[in-house]
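Just so you know, we're using the working numbering here: the sequence shown kicks off at -14 and counts up by one.
Yeah, the Cβ is synthetic: ideal placement off N, Cα and C, and Gly gets one too.
Computed from a predicted structure; not experimentally measured.
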Amino acid sequence: MMLFNLAPPHSTHSQTKTMRNLCIVTSNVSSTFTFRVPLHKFFSFRSRTRPCRVTMSTDPQNTVVVGCGGVSIDFLATVAAYPKPDDKIRSTSLKVQGGGNAGNALTCLSRLGLKTRLISKVADDSQGKGILDELQADGVDTSFMVVAKEGTSPFTYIIVDNQTKTRTCIHTPGYPPMIPNDLPKSSLSSALDGAKIAYFDGRLPDTALVVANEAVRKNIPILIDAERPREGLDDLLKLADYVVCSAKFPKAWTGASTVPQALVSMLLMLPNIKFVIVTLGKDGCIMLERTLDGPSTEEANVDNFLESLSLKRNKSVYIPTCISSSVAKLKAEGIGAVSAKVYVGTAESIPPSELVDTTGAGDAFIGAVIYAICAKFTPETMLSFAANVAGAKCRDLGARSGLPYRADPRIASFISEKDKDFSLT
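Set out below in structure tokens:
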């Protein structure tokens, strides 16, 4: 059997004994599992066979994306229903694969055909080897990652609830953490050489800020994944050109009472960003794109404006769609007003029989948004494309198994129509 002990492997006895026991047993694995046993004794980290790339008029491999942020090993246990405290239940399936926001997003981009480089840190242990091997198998350049001679690599327990189609993540950070001195100036310069966009997931804050400042110096646009308020995130957001955030982040970060008001507040607080997107799971996404005032720009309450636009959605369509507004002066009471266009994107309506796991759906969405920026998609095409990529991911267990390749028929039409100009201006 396999027993998940939810105390970190390096926790003290006094820490461990205060925890409630939660046991998830996988009956078809014969050996008792602990992190002190090399992972390769039980699991292999092989990636799926990669299909041939589609030949385009412009080779997408010329587009370089640099990411800085988290990687991990994910231990995904699927259960019939989430357990109560002190319960002992059996998992229905188990998968071990790479994870972490930055690792997932760059894997997505690599499968879509772009050239990706990752700045992160692992330890010289079996988990770290698995992380590196899997990223390399998917074409992610790991030569700028730091491997600590001692310590532990990051890992995450993920419990996938088959009843509610939700997942619960319990993350243990790696040690020692990455610091700016881990990345020599020569390596930083090489990592950013020729990059069209730099992506940050908000982790490794001290190192991320050094990388972001160098990206600004080199005039490389920056996209920030604002998942939740973190130490050092505010400094990164000030440098951002694009922000994609989770459903809870806008209100938590701005203190606004509604999401639309919070998005207006973000555009006002971050004058450099071109757009902000909030992902809403099965409810799709909302995007505000900064615009210039026009001579006849109307002023409108942002909550009412968005509600009116949302009513235009065709709920009978199962594929992702996007509707957009005209330019308006969007006003948030007590906050201010900003000229912007609003886009409401829908998520794919996935049949319950096909919906497996939402782990990493946001990372897939962000990876697709970065691709769309590089390819100069229109906002409407970008949001529909990103929703398709995220929907494909949700049909398999884990953050990466379901990530589509560029030849996947669900997304090939987007790429073939728009894969002509990967330069940024």
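Beta-carbon separation (whole angstroms), residue i vs residue j, contact threshold 8 Å
i	j	result
V263	V244	6 Å
N86	E212	7 Å
R391	G115	Not a contact, Cβ separation roughly 25 Å.
L61	G383	5 Å
L296	V249	Incorrect: roughly 20 Å between the Cβ atoms, too far for contact.
W238	P214	6 Å
I182	C359	6 Å
T192	I164	6 Å
I271	L291	7 Å
A133	P161	6 Å
Pairwise C-alpha distance: residue j and residue i
i	j	result
D268	A332	6 Å
T153	I144	5 Å
S16	D123	Any reading at S16 needs caution, since the residue's pLDDT is 33, under 50, leaving its predicted position unreliable; the model's value is listed next. The straight-line gap from Cα to Cα measures roughly 29 Å.
E284	L388	41 Å
P337	E199	45 Å
C230	L189	18 Å
S128	A66	41 Å
A90	S398	21 Å
A366	A357	What sits at residue 366 in the sequence shown is Thr, not Ala. Computed Cα separation, rounded: 8 Å.
L221	K69	39 Å
P139	M254	33 Å
L177	V51	7 Å
R395	S95	17 Å
Q112	T141	11 Å
E274	G319	21 Å
P169	I400	36 Å
Q148	G88	28 Å
E135	H156	20 Å
D381	L340	8 Å
G217	G240	18 Å
G376	G345	11 Å
V201	A108	29 Å
S78	L294	42 Å
S369	P305	5 Å
A371	A349	7 Å
L194	V228	16 Å
L277	N299	29 Å
S301	K73	42 Å
C379	S171	39 Å
Residue i and residue j closer than 7 Å at C-beta
i	j	result
T63	S76	yes
G55	D167	no
V125	T101	yes
V49	G179	yes
Y428	S309	Examination of residue 428 is not possible in this model, given that the chain is present from -14 through 410 alone.
R385	Q121	no
S324	T363	no
I58	D210	no
A247	P235	yes
V196	C53	yes
L265	A317	no
The ligand MN heavy atom lying under 6 Å from the CB of residue i
i	result
G124	This structure lacks the ligand MN; in fact it carries no ligand of any kind.
Meets three-Cβ-pair contact criterion under 8 Å: the stretch 203 to 219 and the stretch 333 to 342
The stretch 203 to 219 and the stretch 333 to 342 do not touch, with fewer than 3 CB-CB distances between them shorter than 8 Å.
Could I get the ranges of all uninterrupted alpha helix (DSSP H) runs contained in the stretch 203 to 247, with 4 residues as the minimum, in chain order?
For the stretch 203 to 247, whole alpha helix (DSSP H) runs of length 4 or above, ordered along the chain, are 218 to 222 and 234 to 239.
Enumerate, from N- to C-terminal direction, the unbroken alpha helix (DSSP H) stretches of 4 or more residues contained entirely within the stretch 251 to 321.
Here the runs fully enclosed are 287 to 295.
Can you list, in chain order, the stretches of the alpha helix (DSSP H) that have 4 or more residues and sit fully within the stretch 91 to 151?
Runs of the alpha helix (DSSP H) lying entirely within the stretch 91 to 151, each at least 4 residues long, are 111 to 122 in chain order.
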